[in-house]
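Participant: Mind looking over this structure? Questions follow.
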Amino acid sequence: MWFSRPRRRKCLGCALITTAVMGLACARSTASTGNQPLPPGAEGLSLLGAPLRPPPLPTKPVEDADAALAASPDNADLLLAAGGARATAWRFREAIDVYSRGIALHPQDARFYRFRGHRYLTLRRFDEGARDLDRAAQLDSTNFDVVYHQGLAHYLLGHYARSADAYGTCLGFAGNDALRTREARGEFRQGYRSCMRIATNADDRVAMVDWAWRANRRAGRRAEADRLLGTITEGMTVNTNRSYYENLLMYKGLRTIDQVLGTTTGDSVRFSTSGYAVGSWLLLQGDTARARAMFERVASSPHWNGFGLIASEVELVRARTTGK
50 MWFSRPRRRK CLGCALITTA VMGLACARST ASTGNQPLPP GAEGLSLLGA PLRPPPLPTK
110 PVEDADAALA ASPDNADLLL AAGGARATAW RFREAIDVYS RGIALHPQDA RFYRFRGHRY
170 LTLRRFDEGA RDLDRAAQLD STNFDVVYHQ GLAHYLLGHY ARSADAYGTC LGFAGNDALR
230 TREARGEFRQ GYRSCMRIAT NADDRVAMVD WAWRANRRAG RRAEADRLLG TITEGMTVNT
290 NRSYYENLLM YKGLRTIDQV LGTTTGDSVR FSTSGYAVGS WLLLQGDTAR ARAMFERVAS
350 SPHWNGFGLI ASEVELVRAR TTGK
């Protein structure tokens, strides 16, 4: 193979430990859990100890990406394509290795930190993911996808105020007329979603506001959470992120839990998105028993790379270690 694997960190002396403040799971190694190797075919372990195995997927996209890269092995775009092909095939450890090679060759390119950080989160390696995404935000602060995942990384770590701050910065850029004008003039790198786009793209807005609302509520910032909800109204044109939109309408009291979950029938990805939102809503209302039951339902989904599922695992671990 044309790239070398980095050494894996071990979580010394534990499979799951609590932090001093949040009682969250420690970062798991993709190479081992404690001193035990991963089960055959597993990309990692869930926070609940289950092996994370990819479904059978075609290998040709990876082979095609590698063939293109072979002709120009230092090309940043081709490296990103090779990493992306592996991520699409759920070969996340290999994707991380590709992005690591990209970082070594292009240390000022935020895209490699953004994508590697995302895949660290997929494998429940939250500390590493947060470090990468913080670096990506330093290099490309107006990038929607960078900040979206940066906020998520800190949310999963229980850094709710820091998560809310990241989302707030991006949402603030959406209202910055000077930045929007500069973007319209083509002064920013093309080919990525900007925070400024949130002003006119409801799909992007609802996705970020959903996580930002939860982060602010968990950080004790009720007034800011309410302000964010005030930007969400019935009749918005939302196409791809309907689950996030329905979640927000539930927080506003315009949808019931049954209505929100009813929109996810037969779609396990949408169910994990809305199921986690419902569990979080119940938790905020003090209904811990129903919240835990919902998190358990979400955590049993086969789509273990979904953020709603990962966040549900975090909630279940917290409940086990703190009793809350």
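In the numbering used here, each number is its position in the sequence shown, counted from 1, plus 49.
Beta carbons: idealized from backbone N, C-alpha and C, even for Gly.
#1: What is the rounded straight-line gap between the Cα of residue 121 and the Cα of residue 140?
#2: Are residue 268 and residue 209 close, meaning C-beta to C-beta below 7 Å?
#3: Quick one: grab the DSSP three-state call for residue 303.
#4: Let me know the secondary structure DSSP gives residue 151 once reduced to three states.
#5: Which residue's Cα is closest to the Cα of residue 333: 246, 220, 264, 117?
#6: Which residue's Cα is closest to the Cα of residue 301: 362, 207, 279, 169?
#7: Is it right to say residue 171 is buried, meaning 16 or more other beta carbons lie within 10 angstroms of its own, or is it exposed?
#8: Would you report the Cα separation of residue 322 and residue 342, rounded to the nearest angstrom?
#9: Identify, in the order they occur along the chain, each residue of the same chain with its Cβ nearer than 8 Å to the Cβ of residue 316, setting aside the five sequence neighbours on each side.
#10: Provide the residue span of the alpha helix (DSSP H) that contains residue 290, from first to last.
#11: Less than 7 Å between the beta carbons of residue 281 and residue 303, yes or no?
#12: In this structure, how does DSSP classify residue 172 when only helix, strand and coil are distinguished?
#13: With a CB to CB cut of under 7 Å and the five nearest residues on each side skipped, what residues in its chain are close to residue 128?
#14: Contact between the stretch 336-352 and the stretch 171-185 is defined here as three or more beta-carbon pairs at a separation below 8 Å; is this criterion met?
#15: Using C-beta distances below 6 Å, list every residue in its chain close to residue 189, excluding the 5 sequence neighbours before and after it, in chain order.
#16: Could you spell out the range, first to last residue, of the alpha helix (DSSP H) harbouring residue 219?
#17: If you follow the alpha helix (DSSP H) that residue 364 is in, where does it begin and where does it stop?
#18: Sorted by chain position, which residues of the same chain lie with C-beta nearer than 8 Å to residue 213's C-beta, five sequence neighbours on each side aside?
#19: Distance, Cα to Cα, residue 243 vs residue 193?
#20: Could you pull out every residue in the same chain whose Cβ sits closer than 6 Å to the Cβ of residue 32, ignoring the five residues on either side in sequence?
#21: In whole angstroms, what separates the C-alpha of residue 363 from that of residue 223?
Facilitator: From the atom records:
#1: Position 72 of the sequence shown, counted from the start, is the residue given in the question as residue 121. Position 91 of the sequence shown, counted from the start, is the residue given in the question as residue 140. Their backbone Cα atoms lie some 22 Å apart in a straight line.
#2: In the sequence shown, the residue the question calls residue 268 occupies position 219. In the sequence shown, the residue the question calls residue 209 occupies position 160. Yes, the Cβ-Cβ distance between residue 268 and residue 209 is below 7 Å.
#3: One-based indexing of the sequence shown puts residue 303 at position 254. In the structure shown, residue 303 sits in coil (DSSP, three-state: anything other than H, G, I, E or B).
#4: The residue given as residue 151 occupies position 102 in the sequence shown. Secondary structure of residue 151 (DSSP, three-state): helix.
#5: Looking up residue 333 in the sequence shown gives position 284. Shortest Cα-Cα distance from residue 333 to any of 246, 220, 264, 117 involves 264.
#6: Residue numbering aside, residue 301 sits at position 252 when the sequence shown is read from its first letter. Closest by alpha carbon: 279.
#7: In the sequence shown, counting from the first residue as 1, residue 171 sits at position 122. The residue in question, residue 171, is buried, as its Cβ has 16 or more Cβ neighbours within 10 Å.
#8: Position 273 of the sequence shown holds residue 322. Position 293 of the sequence shown holds residue 342. Cα-Cα distance, rounded: 15 Å.
#9: In the sequence shown, residue 316 corresponds to position 267, counting from 1. Excluding positions up to five away in sequence, the list is empty.
#10: For the purposes of this step, residue 290 is taken as residue 241 along the sequence shown, with counting starting at 1. From DSSP, residue 290 is part of no alpha helix (DSSP H); its letter is neither H nor E.
#11: By 1-based counting over the sequence shown, the position of residue 281 is 232. By 1-based counting over the sequence shown, the position of residue 303 is 254. In this structure, the beta-carbon distance from residue 281 to residue 303 does not fall below 7 Å.
#12: Here residue 172 refers to the residue found at position 123 of the sequence shown. It is coil, neither helix nor strand.
#13: One-based indexing of the sequence shown puts residue 128 at position 79. If we look at residue 128 and ignore the five residues flanking it on each side, its Cβ neighbours are 118, 147, 150, 151.
#14: Judged by Cβ distances under 8 Å, the stretch 336-352 makes no contact with the stretch 171-185, as fewer than three pairs qualify.
#15: Sequence index remark: in the sequence shown, residue 189 carries index 140 (1-based). Excluding residues within five positions, the ones whose Cβ falls inside 6 Å are 159, 195.
#16: Counting from 1 along the sequence shown, the entry for residue 219 is found at position 170. From DSSP, the alpha helix (DSSP H) with residue 219 extends over 209-223.
#17: Here residue 364 refers to the residue found at position 315 when the sequence shown is read from its first residue. From DSSP, the alpha helix (DSSP H) with residue 364 extends over 356-371.
#18: Against the sequence shown, residue 213 aligns to sequence position 164. If you ignore the 5 residues before and after residue 213, its C-beta comes within less than 8 Å of the C-beta of 200, 261, 264, 265, 268, 270, 273, all in its own chain and listed in chain order.
#19: Taking the first residue of the sequence shown as position 1, residue 243 is located at position 194. Taking the first residue of the sequence shown as position 1, residue 193 is located at position 144. The straight-line gap from Cα to Cα measures roughly 5 Å.
#20: Here the chain has residues from 50 to 373 only, and residue 32 is not among them.
#21: Start at 1 with the first residue of the sequence shown, and residue 363 comes out as number 314. Start at 1 with the first residue of the sequence shown, and residue 223 comes out as number 174. Here the alpha carbon of residue 363 sits roughly 30 Å from the alpha carbon of residue 223.
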